[in-house]
Amino acid sequence: MLKIPLTAHHLRFHGWARTPITFHDYTVSALRGALTSYLRAAFCPRGQQMQNDLLHQTLCPVCRLLSLENDGSIDGDIRRPYALEPLPEQPTQIEAGQPFSFGLAIYGEDELLIQFLLVAAGGMGELGVGRVQPDGARGRLEIVQIDVVNPLTGAAECVMAPGERQVRADWQSLGHAQVLARAEALAADLAAGDNLLQVDFLTPTRVMQNQHAWSKPDFFPLAKLIVQRVLDLSSQFGGGRPMLAGEPVALKRDIYPYADAVRLVANETRWWDVHGYSSRVGRKQVLGGLVGRAVYQTADWRPLLPWLLWATSTHVGKNAVKGCGMVRLRAISASRGKMV
3 MLKIPLTAHH
13 LRFHGWARTP
23 ITFHDYTVSA
33 LRGALTSYLR
43 AAFCPRGQQM
53 QNDLLHQTLC
63 PVCRLLSLEN
73 DGSIDGDIRR
83 PYALEPLPEQ
93 PTQIEAGQPF
103 SFGLAIYGED
113 ELLIQFLLVA
123 AGGMGELGVG
133 RVQPDGARGR
143 LEIVQIDVVN
153 PLTGAAECVM
163 APGERQVRAD
173 WQSLGHAQVL
183 ARAEALAADL
193 AAGDNLLQVD
203 FLTPTRVMQN
213 QHAWSKPDFF
223 PLAKLIVQRV
233 LDLSSQFGGG
243 RPMLAGEPVA
253 LKRDIYPYAD
263 AVRLVANETR
273 WWDVHGYSSR
283 VGRKQVLGGL
293 VGRAVYQTAD
303 WRPLLPWLLW
313 ATSTHVGKNA
323 VKGCGMVRLR
333 AISASRGKMV
């Protein structure tokens, strides 16, 4: 049996604009900037000056969270244990008094890290969010409610109600047992039909193939990046490397043969070309990727479904921390697919 010792917490913050807030086309890039600015201002105000101090970068939890680089001691790519999550159809102009919501996923069980991110996400509106307004300030946002959401079911649990200031910590996190249960149910739905799996790319999904961004949602590179990201998150912030039948998961043995057998049968994606700004590297950042839907087919989805379902939590591809690469899965019938 596959064991992925990872835990995820999906928080949804609801609030209202105290002053007008203006975003670029992709709101989450500005939210991530506000989140990191608050973390540094509140918990590590000298962090930017200490970028070349290896000891500080290693010991400071905020610097490790925001800018730790791989010195060769960590297997895989360095991952950040969080990801912002935009809500559907979020406007780019919020007037004073209007509601505004966003999501934040946190990976792992590090209580200190969770507290840092909770405080920062709840308080970043005090420093300002979005583009600079005519008065020279950024928009102000006040958070009044926090929910915990299950990305597999959509079920929501309120952990801070309006009027409260304390977040209840006994919420239900997402774990591998829930993923396996959902995978079993989804596999049955797929097998009962045409084994057609629809993947909805909810936010720009940028997958690199041979150093170029993909132009078509081919399954193999998508599956490879999904598995690599889950492996790294589990190893770096979970309970260790995922295991299958008592052995560490090996992509060439346990993933590639099944991913190779998957066929893209419908493609209704388009490229959304958006940009953001990275304060860490000091330059504009390309965030564009595919959005829309793609339909895939294979004889047996069971070896792949747990990984694909984890991707609905972890995101996939470039700029996951900025909300890119959000996906959703569903079983469909042949009548709903358009052949490519």
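For reference, each letter of the sequence shown is one residue, going 3 to 342 in my numbering. For each residue, glycine too, the CB sits at the ideal point set by N, CA and C.
Relative to the alpha-carbon of residue i, which residue among the options has its alpha-carbon at the smallest distance?
i, options, result
"F203", "K254, L86, A296, A32", "A296"
"L192", "L115, R332, E97", "R332"
"A158", "Q168, G165, Q147", "Q147"
"A122", "Y258, S39, L235, A268", "S39"
"L86", "I145, S103, A225, L176", "S103"
"D262", "Q287, D234, Q299, L311", "Q299"
"G177", "R170, S315, P219", "S315"
"G124", "Q287, G138, A44, W173", "A44"
"G291", "P219, R142, A32", "P219"
"L199", "H277, E166, R330", "R330"
"V264", "F221, G105, L227", "F221"
"V343", "H317, N321, S236, L235", "Given a span of 3 to 342 for the chain in the structure shown, any question on residue 343 remains unanswerable."
"I334", "A190, S236, L235", "A190"
"C46", "H26, F25, L68", "L68"
"L41", "L120, P308, A98", "L120"
"P141", "P244, T21, Q211", "According to the sequence provided, residue 141 is Gly. The question's Pro does not apply to it. Closest by alpha carbon: T21."
"L266", "P164, N197, Q213, G319", "N197"
"P153", "A313, G319, V318, Q211", "A313"
"E97", "L143, A336, P244", "L143"
Please report the residue range of the alpha helix (DSSP H) in which residue i lies.
i, result
"V232", "221-239"
"Q180", "178-194"
"R34", "29-45"
"P7", "First-last for P7: undefined, no H or E at that position."
"A261", "258-262"
"L86", "From DSSP, L86 is part of no alpha helix (DSSP H) but of the beta strand (DSSP E) over 84-87."
"Q59", "56-61"
Under 8 Å by Cβ, that's how I've got residue i and residue j pegged, so tell me the actual separation to the nearest angstrom.
i, j, result
"L253", "V232", "No, L253 and V232 are not in contact; Cβ-Cβ is about 11 Å, not under 8 Å."
"V134", "I23", "No, V134 and I23 are not in contact; Cβ-Cβ is about 11 Å, not under 8 Å."
"Y84", "L289", "Contact flag wrong, Cβ pair sits at about 17 Å."
"L129", "A36", "6 Å"
"V64", "F118", "7 Å"
Terminal residues of the continuous beta strand (DSSP E) containing residue i?
i, result
"L204", "198-207"
"P101", "101-109"
| field | the region 288-304 in contact with the region 237-254 per 3-pair CB rule at 8 Å | value | no
| beta strand (DSSP E) segments (min. 3 residues) lying fully within the region 266-333 | 277-280, 285-288, 291-299
| query | Is the region 319-338 touching the region 200-214, taking contact as three or more C-beta pairs under 8 Å? | reply | yes
| message | For a minimum of 4 consecutive residues, which ranges assigned as the alpha helix (DSSP H) are wholly contained in the region 128-174? | response | none
| task | Spell out a yes or no on whether the region 150-167 and the region 11-19 are touching, meaning 3 or more CB-CB pairs, one atom from each, closer than 8 Å. | result | yes
| Contact between the region 256-268 and the region 173-187 (3+ Cβ pairs under 8 Å) | no
| request: Give a yes or no on contact between the region 107-120 and the region 233-242, applying the rule of three or more CB pairs nearer than 8 Å. | output: In short, these stretches touch, since the Cβ pair count reaches three.
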